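For the sequence shown, the numbering used here gives the first residue as 514, with consecutive numbering after it. C-beta: ideal position from N, C-alpha, C; glycine also. Given the structure is predicted, the values throughout are model-derived calculations rather than measurements. See below for the structure under consideration.
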Amino acid sequence: MGQELPTAQISLPSKARPEAVYDVLADLTTHLEWGGARQSRDFRLLSLEGSPGPATVGTTFSSTGTIPMSVRHWEDGSTVTVADRPQVFEFTTEARAGEQQAMRARYRHRYEISADAAGSRVTYTLTQLSIAHPMLRMALPGIRQLTWRMAIPMFAGRGLLILIAVAEERALLAARPPSGAAIGSFNTKEI
């Protein structure tokens, strides 16, 4: 029997409909907002390069970011593997951290979005598919378990909260009439 893959899963409600959440995920430029600018300095996206427009299956993008409690940065190459609007957005990532004896790992990021009475429920699952040359703290079994049970859910949960906030903000903006637009009809009579 194979070894169980390290996995972290977080599920949160959103006031935004599934389409709004999905559209934020599929628009890679928004990742720099919810995964970058609005994140804390210790773990955040610094750059992202990819194709404009909604990401579809096969879309590739690259990114860099900071690592908590480390001077190292990570570099990723990712490929969208599932783009089923509005239910599922998934991509796999080939990650590298450090220069000499760089840690290399492969991850699957899966977002499942389901409708509910209040808007939607967003479930994020991060699975480590492989790892080579782990950093010391990830190589020690006790620290590895602690990382996957506490640190990763904490950082991923913060990212998911911010993603949901961005989707809710964009949904509110989309529902508002354009500025200067009439909000109803008026009947005027000459006196």
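CB contact flag (residue i, residue j, <9 Å)
i, j, result
"residue 571", "residue 541", "no"
"residue 640", "residue 525", "no"
"residue 657", "residue 666", "no"
"residue 553", "residue 671", "yes"
"residue 638", "residue 617", "no"
"residue 677", "residue 635", "yes"
"residue 539", "residue 598", "yes"
Inter-residue spacing [alpha-carbon to alpha-carbon] between residue i and residue j
i, j, result
"residue 520", "residue 691", "43 Å"
"residue 573", "residue 619", "15 Å"
"residue 683", "residue 534", "9 Å"
"residue 532", "residue 673", "16 Å"
"residue 589", "residue 603", "15 Å"
"residue 660", "residue 550", "24 Å"
"residue 664", "residue 614", "23 Å"
Residue interval of the beta strand (DSSP E) (run including residue i)
i, result
"residue 662", "No beta strand (DSSP E) contains residue 662, which DSSP labels as neither H nor E."
"residue 561", "558–563"
"residue 601", "601–610"
"residue 589", "586–597"
"residue 632", "632–645"
Beta-carbon proximity list for residue i, same chain, < 6 Å, skipping 5 on both sides
i, result
"residue 559", "577 and 578"
"residue 606", "589, 591 and 620"
Close beta carbons around residue i, own chain, < 7 Å, minus the five adjacent residues each side
i, result
"residue 544", "558 and 561"
"residue 679", "537, 543, 546 and 547"
"residue 528", "631, 632 and 681"
"residue 587", "577, 578, 580, 608, 609 and 610"
"residue 625", "600, 601 and 636"
Where the alpha helix (DSSP H) through residue i begins and ends
i, result
"residue 531", "531–539"
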